[in-house]
Amino acid sequence: MTSTRSGVEIEVALDTALAEVPAIGRRIAELDAAEEFPAPFVERLDAFGLPAYYVPTGWGGAVEDHELLLRLWRTVARRDLSAVVAHGKTYLGAASVWIAGDAEQAATTAARILDGGRIAWALSEPDHGADLLNGESTATAYRDGYRLDGVKWPVNNATRARYLTVLARTGKAGTGRGQSLFLVDKAALAPGTWRTLPKEPTHGIRGVDISGIAFQDAQLPANALLGAEGTGAETVLRALQLTRTLCSALSLGSGEHALRLAAAFAAERIIQRRPLLGRAYPRGTVGRCAALLAAAEATALVSARSIHTLTGEMSVISAVVKALAPTLVDAMLGELAELLGARSFLTDVYAHGAFQKIGRDHQIVAVFDGSTPVNRSALVQQFPRLVKEFAAGTVDGDGLAKAVSTGGPPGPLDRGALALLSRRGCSLVQSLPALAASIAAGAAPDGLAAHATALAVTTGKVHELMAGVAPAARPAMAAYELAAAYELCYAGAACLHTWSAERHRDEPLWDNGLWVRAALRALRARLAATLRLPAPGPEEGDDRIDDALAAHVAEAARTGAPVTPFGTPMLPADRS
Ligand SMILES: Cc1cc2nc3c(=O)[nH]c(=O)nc-3n(C[C@H](O)[C@H](O)[C@H](O)COP(=O)(O)OP(=O)(O)OC[C@H]3O[C@@H](n4cnc5c(N)ncnc54)[C@H](O)[C@@H]3O)c2cc1C
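Counting in the UniProt record's numbering, the sequence shown runs from 1 upward without gaps.
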């Protein structure tokens, strides 16, 4: 199934709205250099109606479709990561309300968002980042509500947002039921009971309001409590399954922006009277990076759709995609920086120094909302179940089919089905052996059957190794490496499934399975390196992949055509 017209139209309309900002490239660079909030872009996003996509349709939102929201965030991120980080925070701040709030809290929150209100998500504390169970802020029963004390820092939009969802201790420290979530309206607090902390200077996303908030004897009404007392950590872990998945949009946008910049440079740059891209090495770089971005895209799209269709598996899926997408894009950025040479480093030349800004901005994606090691650690805890269900070949066929059929509406979302552990494991990975066999049995493009079969074999090997991991609160280093390997197996399965669902598309990236062969080749190479296995040899047709991909991407960078298999056009960037 191809993308619905309305979905693509919405993406194109958003891109047009952003491209209409006068001298957009220069403006983004100026705001960043001045460490100024990206207000012109955030205002555009408000005017476009993006907040309505943060609200479930049942509460008056636009369309509840996380694939579409992922795509819209990517559309913004490929122009300016700061803008989407600043704007998207409200989605994160509100995510817990739709999960744990009662009807009145949800209706109030929806009205606030649709009215332009901003919501921050205040979990972190100076002495406790990922270690949420040990947070020291307290909410003590007092009069008819709670008294809130403590410091939340660093928090995106802590100063600019009027509303915050705050995690605070109501029970025993360090226990699963010791924390509760509260919806706080700063305007309703008594003066002198709270103060915001100064904006922190940051390496990237420089203009974003990364600050904090301190509460002292702040009186909250009883109805500020979201869900039952003691359920805060659980609610946050469920909400993170949505937010971590959507964070991959930040990586997709950054990767696309960087790829377009580098490919255009390589095509235009004349060295010894020939374009740089006329050489095999730059073509190899562009081809490999385009392949990694395609893999990240397929992974992110399937994962975002899985929010709706494989909801009970999201504890696995969100950990995989949150770790994988920034890792692949960071790898791309390293390679593309080398290709751009001096222009990857200079802050005021070549598209207003956009590349170095992408590098600085994207660095945070692997850190916030759960770092890569934190997500890998969470995945390791589920190894026994993943091993068991892989051996059993457990697959939710209907949910999987809907997850991999990108573009159409993914169907309703039952947030009540979000679970802390996946009882079914991961349908996508568990379906890989059968999928590889069916590709091998049919008429597949050059080399694809061999790639798919080899990936399935390695995936089996990864599960054998996972079976040997002893359960532990603090897993061994080898377990983290296996988690990284599992992510690559997941990505390969996402590529094969999304390609299979639409294999007859008549577009250059789909010709003879170009993108999926490139992605499988790149993922298998990384998988072998992660497992310390010999690098896989080339399959049939692999030697022609880079030339074809590099030529396509360079042309797309010039014309604004999509650079990824499920991408959308981009109005020409302002490189004046
Ligand atoms: C720009 C920015 C925006 C932010 N926005 C928000 C926000 O809006 N709301 C909010 O609440 N917080 C926010 N944060 C905080 C962010 O989420 C935390 O930085 C994050 O939770 C990690 O905390 P930490 O690095 O301070 O420390 P720690 O959690 O103590 O981590 C220190 C190191 O230990 C590693 N580590 C932690 N746990 C494990 C584990 N189980 N296994 C292996 N390694 C582990 C981490 O990966 C890291 O390398 C933001 C931070 C930044 C920089």
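All residues carry an ideal CB built from backbone N, CA and C; glycine is no exception.
Keep in mind it's a predicted model, so treat the numbers as computed, not measured.
Spatial neighbours of His308 in its own chain (CB-CB distance under 6 Å, excluding positions within 5 residues in sequence) are listed in chain order as Pro410, Gly411, Leu413. Per DSSP, Phe368 lies in no beta strand (DSSP E) and is assigned neither H nor E. With a cut-off of 7 Å, the C-beta of Thr202 is classified as near ligand 1, since at least one heavy atom of the ligand falls inside that distance. For Gly408, DSSP assigns no beta-bridge partner whatsoever. Shortest Cα-Cα distance from Leu132 to any of Glu539, Asp511, Leu181, Cys495 involves Leu181. Boundaries of the beta strand (DSSP E) around Asp149: 145-156. Distances from the alpha-carbon of Gly192 to those of Thr170, Val469, Ile358, Ile213 put Ile213 closest.
Of the other Cβ atoms in all chains shown, 16 or more fall within 10 Å of the Cβ of Glu389; this residue is therefore buried.
In the pairwise beta carbon analysis, the stretch 544-557 is classified as not touching the stretch 474-485: fewer than three pairs are separated by under 8 Å.
By the neighbour-count definition (other C-beta atoms within 10 Å, threshold 16), Phe265 is a buried residue. Tyr281 sits exposed, since fewer than 16 C-beta atoms from the chains shown fall within 10 Å of its C-beta. In this structure the stretch 122-139 does not lie against the stretch 245-254, because fewer than three pairs of beta carbons, one per stretch, are closer than 8 Å. In this structure, the straight-line span from the alpha carbon of Tyr486 to that of Gly416 is close to 27 Å. Of the residues assessed, His87 falls on the buried side of the cut-off, its CB having 16 or more other CB atoms within 10 angstroms.
Beta-bridge annotation (DSSP): Gly212 is paired with Leu197. Contact check for Ile119 against Leu72 fails: the beta carbons are separated by 8 Å or more. In the three-state reduction of the DSSP assignment, Glu338 falls in the helix class.
Residue side-chain check: Phe383 keeps its Cβ at 7 Å or more from all non-hydrogen atoms of ligand 1.
For Ser180, DSSP records a beta bridge to Ala168. Proximity of the beta carbon of Asn156 to ligand 1 is indicated: a heavy atom of the ligand is located closer than 7 Å. The residues Leu379, Gln382, Leu386, Ser422, Gly425, Cys426, in chain order, have a CB closer than 8 Å to that of Val316 in the same chain once the five nearest residues on each side in sequence are set aside.
Taking C-beta atoms as the reference points, Ala122 and Leu148 fail to come closer than 8 Å.
Burial state of Tyr490 is buried, judged by a 10 Å Cβ sphere holding 16 or more other Cβ atoms.
For the pair Arg532 and Glu338, the Cα-to-Cα distance works out to about 25 Å. Closest by C-alpha distance to Ala551, out of Gly537, Trp515, Ala493, is Trp515. With contacts defined by Cβ atoms closer than 8 Å, Gly174 and Gly230 do not form a contacting pair.
Secondary structure at Thr16: helix, using DSSP grouped into helix, strand and coil. Secondary-structure assignment with DSSP links Asp185 through a beta bridge to Tyr163. When secondary structure is reduced to three states using DSSP, Thr140 falls in the strand class. According to the DSSP secondary-structure assignment, Pro275 is paired through a beta bridge with Ile270. Here Val320 is buried, its C-beta having at least 16 other C-beta atoms within 10 Å. Sequence-distant Cβ neighbours of Thr138 in its own chain, meaning closer than 7 Å and more than five residues away, are Asp149, Gly150, Ala168, Arg169. Taking all protein chains shown into account, Pro373 has fewer than 16 neighbouring C-beta atoms within 10 Å of its C-beta and is therefore exposed. The bridge partners DSSP lists for Glu125 are His128. Straight across, the Cα-Cα distance linking Thr299 with Ala494 is about 5 Å.
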